[in-house]
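A.B. asks: This is the structure I want to talk about, given as structure tokens.
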Amino acid sequence: MSERVDPGFIKEMKHYGTSDWNACFHCGNCTAICPFTENESLFPRKGIRQMQMGLKDSLASNVDPWLCYYCGECSDTCPRNANPGEIMMSLRRYLTTIYDWTGLAKRFYQSKKWEFGVMILLALLIMILFIFFHGPMTRELTSEGGVQLNTFAPWKKIEIGDWIMAGLLSFFLISNILNMYLKIIVKDRQLKVPFRFYIIEFWSLIVNFFTQKKFSKCEKDRTYWITHLLVMTGYTIMFILIVVFLGWFQTDAIHPWWHGQRLLGYYATFGLLVGIFYFLAGRFKQNTQKNKYSHFTDWSFLILLLLTTLSGILVHIFRVTGLPMLTYYTYVIHLMILFPMLMIEVPFSKWSHLAYRPFAIYFYNLKKRAMNRQLQPVLQ
Amino acid sequence: MNGNSNFGVCFCEYTNGHPQSFNLFALISYIQNLSAVSAIWFERDLILSNNTNIVQTIRKNNIDRILIIGNRPGYLKAFFSGAMRSAGSDHSAVFLFSLLDHGIYTKGDQDRARAMISGIIYNTPYMPVHPKDDLPFFPDTVIIGAGIAGIQASLEIANGGHKVHLIEKSSSIGGHMAMFDKTFPTLDCAACILTPKMVEVGQHPNIDLLTLSEVIGISGHSGNFKVKVRKKARYVTEKCTGCGECTKVCPVEVPNEFELGLVKRKAIYRNFPQATPNIYAISREGMPLCKLACPIGQDVEGYIALTARGKFREAYELIRRTNALPSICGRVCYHKCEEACKRAYLDEPVSIRNLKRYITEKYTGEKIQLEKEDPSGKKVAIIGSGPSGLACAHDLVLKGHEVTIFEKQKRAGGMMITGIPEFRLPRKILDQDIGFIEQQGVRIQLNTQVGKDIQFEDLKKDYDAVYLATGAHKSLEIGLDNENASGVLHGVDYLRMVNLKEDIPSGENVIVIGGGNTAIDSARVALRLGAKNVNIVYRRSKEEMPATPEEIREAEEEGIGIVLLAAPKQFKAKDGRIKKVRFANMKLGAPDESGRKRPVEIPGSGFDMKADLVIIAVSQKPEIEYLKEEQIKVSKWDTLVVNEADLGTDLTGCYAGGDAVSGPSSVVEAMAMGKRAALSIDNYLNKYASHEGLDLEIDTHGKVKIPGLAPSEIDELKEKYIAQARTQPKKIDLQSRRNSFKEVTETFSDEEAMAEAQRCLNCTICTICRECEKVCEAKAIDYNMKDEILEIEAGNIILATGFKPFDAGRIETYGYGKLANVITSLEFERMANASGPTGGQIVLREKDTYGDFILSEPGNKPERVAIIHCVGSRNENFNAYCSRVCCMYSLKIAHLLREKLPDAAIFEYYIDIRAFGKGYEEFYNRIQKEGIQLIRGLPSSIKEDKNGLYIRSEDIIDQRLIEHYVDMVILSVGLEPQNDAGHLSQLLDIGTDKEGWYREANYNTLPVHTHKEGIMIVGACQGPKDIPDSVAQGSAAASLVLQNVLIKT
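Chains as they are written, first to last, in the working numbering: chain A, 10 to 389; chain B, 300 to 1348.
Right, dumping it as structure tokens:
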């Protein structure tokens, strides 16, 4: 069955980025120069065509935008200055809103009011919870001179909150991935993916999830990839520490600096700060193709992460130097930023790429295998 | 210019596409309020078929100028011209202001718009108003550019009975069309349809063809333009028959521009066999600096070029043409040429003197009789057999006169034999050169002193003319006591005694006073005669020493000491023999009249030096005793005074030159004066009315200030060439130098000579080696041609300057210029052309040892060829427009490939195929049927590896990637305006659009008009277009011109 052309679609895309997508006259230069494009996935031009024609179904099942790491060579070479690199970025934003079945992602991308509104709401929720349920705000210090943080906010209670949050995040994220799977693999009736392929390709999922190995192949961007890896490992460590090992991590004891709890914390903080400043600096300088155009979601992600990290650092400093009131207030603020950030960014906004990218590669590999397998008898 | 004009301003309707935010109403109200504006109209209020209202308004307000403001306001010009004419006002005072052209788009442009328009209204200088019609009308037409459009226009006008001046920058007409092999869509051979027109142009009595010409200035208005044209010197006259013998012998090779650098051409060349005019041309960039610097004007670059290519005899003949004493110069000339050599900016000058020595050594000794004119019956006496006398004698005897030289010494040679030691100038060499001159018929009478053995009176009686070349052999004295003590000599006397083998005084401790070559030579001679300590004492510092630096260096190498800043105060003698010299220390003060710093004694200083031989070498003066009875004027330095123009003295028939006139100088300068004197004497003997008409070429040589290079030129030099030190000639060992008179330097070997000659940069391209002159049977070569400036009066000007191809090197990813087999479409056309560099064969290219590209053997054909469209066109990063012709010519190229390589795989990469109008779609169809792979999807890069040229692109039609290797890639480059389009547009005061194409008055209705009446644009210079459209525009402009001429005459 043939797809319908939707001329109005192009107007909708305005929410997701700024590019002169109408200027593309399909010369194919961008595809020719892209280092990642393969026969089974020709991009970026194909996605632009789908976008120009408003072929929503094709777009929904198009995994190519996630295979792009925005090296920007296509934008450099485009004779119409249509900016295919930024179009791919816009498509990633669009797809994020498509995979989300709740419709919240769409609201967040299209409306600053929604994003900031929900953020403030969630922050207020945290504040209220603390107002009602906080422990005594004692000024008495520990024997080591640190603040009794766990008196004010006992880690066992916080842990419960963390688990609830983790559960919600997982639920939304996993359901969105399932949605993605439906659109990419299941809807493609012509494609038959035998079960064993799921097992064979699983390793690529794990590798890409943890190392972004494919990204490292962009020669131009090796620095970017390493910095990104720093951030990624930084927050992953943090996430695991606060969800699984909160008792060990949120301690009132002041360990020596070489102790695991402190070292891990420092590494994570270091990785996060280096990365965030590198990305922010890039976006201010606008010195490469990928830095030139910033959507408000790009800024909000980085700034929220930055504020979370900074407030976390402050909590640590105040605690070990024995400033109780500051510690407590900063702790609350820290959680007031952290909770909305995670809840909005991970399932519904930019941070969702942590799942969509590796899964996109996984699904793409599955498709590639299946297509090649199906073609075998024909070629023989 | 007057501020009293009355303007009527009309605003056009906004046509589609004018940008939005500019506030037109604000502009309108501003203009309404200007005092010089009497009327405002809006297009919508005009009734184009009835201009009565407008005419009334013009009359009522005395409007004498109209300004039409709009995006492209040209289409209303005719209407207002008519209205002005009906109103009795000046119909050509209608001006146009295009908002679009001036970039007036947004509200921020308001101020600029107001400023520009009020400037026009208040008559800023660039807007002259056409005066009333009483200026003469020139019926001639000037057409700038002789491509197909210019040729067509010129033929139409010429056939219409009116004169055309067709101005073309290159050496032949034909433009780009002459480079093509075939034309689309008919596949006619380009030369076959072009050359009949070219021949017609060449032979047409109404067409004045000016090739190698450029327009440098234009003044006047429509109907009476004055066009200034510089016609560059061709150096070949119309006698040329186009036989091509000259090209075969020319030693200079440069990249061939017509063949786009695929092969080289010679300095004398013709673009292609059917060139019109069919006259060869010589590329020469002025006069070689080395030749200008040489006092006798030797063709230095010429003989170096011949040497570099192993043509040694020809080099020798060229040297002998102007130099009577070449072997001598090859050893002792102080080489002004080397000081002017541009190579010095890069590394070191070419070793010209040593090369001259190498050449002369091969052939000196051969008995050669030069061509002499018929005997004139006149006799000339020359006093002195130095370089001046010898050179004069040599030239005069070849003119047919009888020449006798009177020499007072027992050997001939003047200062060359008495003053230059044998280790610098071996006796044998001197004798050979002088012997050659005697061979030509000059008689040298030795041991004959005028004033003693023969009287000056007798010479005046027996001879028809006399040349005084007695030189300057009398030493100057310092004026100290004991200057004539035993053991104190003067330099020239010392050297003469040694050279003529008279009694040679010797000494163990020798002091030489002075800093010139005589002093150095004296010191080196004394050393060789056994002195233990030789010191040269000079009163200034080393920089001021007049001796040549190499001489000073050689002296120091031989162990001679140089004491500086010291002057002699006292000669201390005992029993009449010199014992010591007392010196005072000097310091440098203010400069004296020679420009050198005056040495000033340091009071109370001083030192003694022991000496048993003191040689004073502080300059010489001429001996003029024998002339004391004559009326010849003498200066206070005892030099003879002559008339600068012809070297004549006050005594009729008596001329003078050399050191006797100039004071101590050099061999070559003395020769130069001798040659000038020979011309004067020859003129005098043949009784010309005046001395005008002499070849003044010689007069200026050696006196011209050699210009230096600008820093940018020096950078260019360093980029183009690799620095490489000059070859140093071998020298004999130091021991032999110190105790014998053997010649110190050796001659170059054959390899050294050629390598050194090849260091010459060929600054002027043509080196004036005169080989072409030798073989030209039609005697058509004239090296003395000069650029001419012509002023042409014309009523109309047509611009037909065409396009230039996009430089594919700007797209670095295609590797043009780096990969040997990535070529442009035009380069391919030349390859495919039967009269091109490969004779029509398609071959691959390779890199030679220098990294340059050369065509390979005829059999080495490509098997897989890719053609890439839209190179430099339809690209915002380069040219956003479409160049219109590339799709069609790319298909044509595919056809040519298929014709010549029947089995090749041909891939054509495109975005769209533009095959519009009559015959083009059919052509596309035909080419497709010949079997080419058309791929929609451009590759963005070409990479080379051992398998060939790798190309990858998206096959958009079939949704897959295509990647493969090909042998050759042809880039379909777009069209761009010529480099000088901007310059010409300013000269003619016509506009260009933002890409540089000339601006027509209105794109749709007035495509060959410009905003200036009388100036038309045709062909590709108005915008990229193909041949049929260019020809049509040529005819169109011609009809406008003929219309103009018809009305006015």
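Don't be surprised by glycine CBs; every beta carbon is placed ideally from N, CA and C.
Return the first residue and the last residue of the alpha helix (DSSP H) that residue 1145(B) is part of.
C.D. replies: Counting along the chain, residue 1145(B) falls outside any alpha helix (DSSP H), though it belongs to the beta strand (DSSP E) covering 1144–1146.
A.B. asks: Any C-beta of chain B within less than 7 Å: which residues of the region 21–44 of chain A qualify?
C.D. replies: Correct list: 34, 35, 36, 37, 38, 40, 41 and 42.
A.B. asks: Return the CA-CA distance between residue 870(B) and residue 932(B), expressed in angstroms with no decimal places.
C.D. replies: Between residue 870(B) and residue 932(B), the C-alpha separation is close to 36 Å.
A.B. asks: To the nearest angstrom, how far is it from the Cα of residue 491(B) to the Cα of residue 1193(B)?
C.D. replies: 21 Å
A.B. asks: Would you mind telling me which residues of chain A sit closer than 8 Å to residue 1140(B), beta carbon to beta carbon, in chain order?
C.D. replies: What residue 1140(B) touches in chain A: nothing, since even the nearest Cβ is about 32 Å away.
A.B. asks: Residue 89(A) versus chain B: which residues are under 7 Å apart at the beta carbon?
C.D. replies: 1175
A.B. asks: Check whether the region 960–970 of chain B touches the region 687–702 of chain B, taking contact to mean three or more Cβ pairs, one atom from each stretch, closer than 8 Å.
C.D. replies: yes
A.B. asks: With distances taken from CA atoms, which of 675(B), 709(B), 418(B) and 679(B) is nearest residue 699(B)?
C.D. replies: 675(B)
A.B. asks: Is there contact between the region 825–838 of chain B and the region 856–866 of chain B, where contact requires at least three CB pairs shorter than 8 Å?
C.D. replies: yes
A.B. asks: What are the boundary residues of the alpha helix (DSSP H) that residue 1037(B) is part of?
C.D. replies: 1033–1038
A.B. asks: Our contact map puts residue 1107(B) next to residue 1272(B) with C-beta atoms below 8 Å; I'd like the distance itself, whole angstroms only.
C.D. replies: 5 Å
A.B. asks: Taking the alpha-carbon of residue 372(A) as reference, which of 137(A), 200(A), 285(A) and 280(A) has the nearest alpha-carbon?
C.D. replies: 200(A)
A.B. asks: Along chain B, which residues have their Cβ under 7 Å away from the Cβ of residue 48(A)?
C.D. replies: Ordered by position in chain B, the residues that pass the 7 Å Cβ test against residue 48(A) are 1259 and 1260.
A.B. asks: Using DSSP with H/G/I as helix, E/B as strand and the rest coil, what is residue 1027(B)?
C.D. replies: coil
A.B. asks: Residues of chain B with CB closer than 9 Å to the CB of residue 54(A), please, in chain order.
C.D. replies: 1236, 1253 and 1255
A.B. asks: With DSSP as the reference, please indicate the residues paired to residue 787(B) in a beta bridge.
C.D. replies: 913(B)
A.B. asks: Between the C-alpha atoms of residue 1119(B) and residue 588(B), what's the straight-line distance to the nearest angstrom?
C.D. replies: 36 Å
A.B. asks: Could you tell me the boundaries of the beta strand (DSSP E) in which residue 1152(B) lies?
C.D. replies: 1152–1154
A.B. asks: Using a Cβ cut-off of 7 Å, pull out every chain A residue sitting near residue 1239(B), in sequence order please.
C.D. replies: Result: 38, 41, 42 and 86.
A.B. asks: Just curious, the alpha helix (DSSP H) that residue 452(B) is in, first and last residue?
C.D. replies: 447–458
A.B. asks: Looking only at C-alpha atoms, which of 681(B), 945(B), 306(B) and 443(B) sits nearest to residue 1315(B)?
C.D. replies: 443(B)
A.B. asks: Report the neighbours of residue 76(A) on chain B: residues whose CB is nearer than 8 Å to its CB, in chain order.
C.D. replies: Under the 8 Å cutoff, chain B gives no residues; its nearest Cβ is about 14 Å from residue 76(A).
A.B. asks: Under DSSP, the beta strand (DSSP E) around residue 1043(B) begins and ends at which residues?
C.D. replies: From DSSP, residue 1043(B) is part of no beta strand (DSSP E); its letter is neither H nor E.
A.B. asks: Is residue 1274(B) helix, strand or coil when you go by DSSP?
C.D. replies: strand
A.B. asks: Spatial neighbours of residue 1295(B) within its chain, please: C-beta separation below 8 Å, excluding the five flanking residues on both sides.
C.D. replies: 1275, 1276, 1280 and 1281
A.B. asks: Taking DSSP's pairing of strands, which residues face residue 890(B) in a bridge?
C.D. replies: Secondary-structure assignment with DSSP links residue 890(B) through a beta bridge to 896(B).
A.B. asks: Report back the beta-carbon spacing between residue 1236(B) and residue 37(A) to the nearest angstrom; my notes put them in contact at under 8 Å.
C.D. replies: The Cβ separation is near 3 Å, so the contact holds.
A.B. asks: If you count every other CB in all the chains shown that lies within 10 Å of the CB of residue 268(A), and 16 or more means buried, which is it?
C.D. replies: Around the beta carbon of residue 268(A), fewer than 16 other beta carbons sit within 10 angstroms, so the residue counts as exposed.
A.B. asks: Quick one: what's got a C-beta closer than 8 Å to residue 936(B)'s C-beta in the same chain, skipping five residues either side?
C.D. replies: Only 920 and 962 meet the Cβ criterion.
A.B. asks: Relative to the C-alpha of residue 1234(B), which candidate in 1218(B), 1219(B) and 1263(B) has its C-alpha closest?
C.D. replies: 1263(B)
A.B. asks: Would you say residue 51(A) faces chain B, with C-beta separation under 8 Å as the test?
C.D. replies: yes
A.B. asks: Residue 333(B) to residue 1300(B), Cα distance in whole Å?
C.D. replies: Their backbone Cα atoms lie some 27 Å apart in a straight line.
A.B. asks: Check each residue of the region 1208–1225 of chain B: if its Cβ is closer than 7 Å to any Cβ of chain A, include it; give the result in chain order.
C.D. replies: Residues 1210.
A.B. asks: Check whether the Cβ of residue 233(A) lies closer than 8 Å to any Cβ atom in chain D.
C.D. replies: Although the question refers to chain D, the structure presented lacks it and instead comprises the protein chains A and B.
A.B. asks: Using CA atoms only, rank isn't needed, just tell me which of 794(B), 799(B), 802(B) and 803(B) is closest to residue 816(B).
C.D. replies: Taking only the C-alpha atoms, the option nearest residue 816(B) is 794(B).
A.B. asks: Residue 248(A) by DSSP, collapsed to three states: which one?
C.D. replies: helix
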